[in-house]
Amino acid sequence: MQTILVTGASGFVGSRFLKRWAAEYNILAPSHAELDITDDASVERYFQMHSPSVVLHLAAISNTGYCEQNPDESYEVNTVAALRMARAAAACYAKFVFFSSDQVYNGNLEYGLLNEEVAVAPETVYAKHKLLAEQLVAQVHPDAVILRATWMYDNASEMPVHPNFVLNINKAIEERLPVTFSVREFRGITWVREVVEFLPATFNLMPGVYNFGAENRLNTYETACCYFEMLAPQVKCDAVIIADADRYPEHERNISISNRKISDASNGAIFFNDTLDGLRIFIENNRRSY
Ligand SMILES: NC(=O)c1ccc[n+]([C@@H]2O[C@H](COP(=O)([O-])OP(=O)(O)OC[C@H]3O[C@@H](n4cnc5c(N)ncnc54)[C@H](OP(=O)(O)O)[C@@H]3O)[C@@H](O)[C@H]2O)c1
0 MQTILVTGAS GFVGSRFLKR WAAEYNILAP SHAELDITDD ASVERYFQMH
50 SPSVVLHLAA ISNTGYCEQN PDESYEVNTV AALRMARAAA ACYAKFVFFS
100 SDQVYNGNLE YGLLNEEVAV APETVYAKHK LLAEQLVAQV HPDAVILRAT
150 WMYDNASEMP VHPNFVLNIN KAIEERLPVT FSVREFRGIT WVREVVEFLP
200 ATFNLMPGVY NFGAENRLNT YETACCYFEM LAPQVKCDAV IIADADRYPE
250 HERNISISNR KISDASNGAI FFNDTLDGLR IFIENNRRSY
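Sequential numbering from 0 applies to the sequence shown in numbering that gives the first Met the number 0.
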């Protein structure tokens, strides 16, 4: 059995990875207290005691607004600690799989689905720190696999969850309170179950940067209307989903990814549903309607 060290195992993605794959892998899932990724001694001690063959590095400050308000903390956790973990993984010859974000594209002005070749110049603290982490990780661990994940969703369950696309809309429907979505934002939105399902296949990828999630050609408002209509075809969408044309005044925010590279590199083993198809399958699985 491969031994996989998962950082951030108490988080949204990590907890689901653990639940899904615990029977197939020997998973090390230290808590924040057992392995503080911002602390040299803690990381050194942990790697002296354990020799994982894969490090799946999910731990981060994932709240982009919090990062904007706390840039020093964001830098320490999202950049410096990622570098520290990549170094430690390299020293014990472990594969390093690092979660970055589609937000690295948030300064791009191109339209359409963005591939990994486009030059990026992110505009926000979180995105800048993730990009810098990507670069430093690749320097110290040339075998690293870097995944640019999209916005992920799941429903509220016994597993950890934070506000996400479907929860925001479900809540708006339940409370009959309108929710706004930008007509100037384009992004893939992915069911976290697909992400978790494909993660083991990423351990065998050639090193490099890969977009990792659903494609989407619609803007976020259109995507929200489509999801709403699948859920509640009998209710008028514009009673709940409101178009926001003011957000992102400087330029439209297009962070929609193309996922062709990872599909080709994995010979089709990793192939995400398009955002709307993923939402449809999600609804069917959860049998939720209003
Ligand atoms: N969620 C999304 O939609 C999304 C989208 C794109 C990319 N990503 C990226 O995907 C990865 C997983 O995201 P997620 O949503 O699962 O994150 P999350 O739910 O916010 O979980 C973050 C995890 O990191 C841990 N952590 C934070 N600081 C730590 C430290 N100093 N030492 C050890 N552990 C620490 C947290 O533990 P404690 O809570 O105990 O501190 C928690 O387990 C992250 O890298 C995130 O940036 C997420």
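Backbone N, C-alpha and C define an ideal beta-carbon position, used for all residues, glycine too. In this text, all values refer to a predicted model and were calculated from it rather than measured experimentally.
Judged by the Cβ position, V76 qualifies as a neighbour of ligand 1 at the 6 Å threshold, a heavy atom of the ligand being closer than this.
Minimum Cα-Cα distance from A137 among the listed residues L275, V165, T78 corresponds to T78. Between the segment 128 to 146 and the segment 73 to 88, the count of Cβ pairs shorter than 8 Å is three or higher; the stretches touch. The C-alpha of Y110 lies about 17 Å from the C-alpha of A244. Looking at the DSSP output, K94 sits in a beta bridge with V53. Here the segment 151 to 163 makes no contact with the segment 224 to 241; the two share fewer than three CB pairs at distances below 8 Å.
Less than 7 Å divides the Cβ of F211 from the Cβ of A148.
In terms of Cα proximity to V124, the closest of P141, L108, Q68 is Q68.
Remark: the C-beta of I26 is outside contact range of ligand 1, defined as less than 6 Å to any heavy atom. In summary, M84 is buried, with 16 or more beta-carbon neighbours lying within 10 Å of its beta-carbon over all protein chains present. Here the segment 46 to 53 makes no contact with the segment 116 to 123; the two share fewer than three CB pairs at distances below 8 Å. Here the alpha carbon of N105 sits roughly 16 Å from the alpha carbon of E214. Between the alpha carbons of D276 and C225 lies a gap of roughly 11 Å.
Of all alpha-carbon atoms in S181, V182, A155, the one lying nearest the alpha-carbon of N169 is that of A155. Counted as a single uninterrupted DSSP element, the stretch harbouring Y104 is not any alpha helix (DSSP H), since DSSP gives it neither H nor E.
From the listed residues F180, G10, N266, A242, the smallest Cα separation to A58 is found for G10. Annotation: D142 is outside any alpha helix (DSSP H) and is labelled neither H nor E by DSSP.
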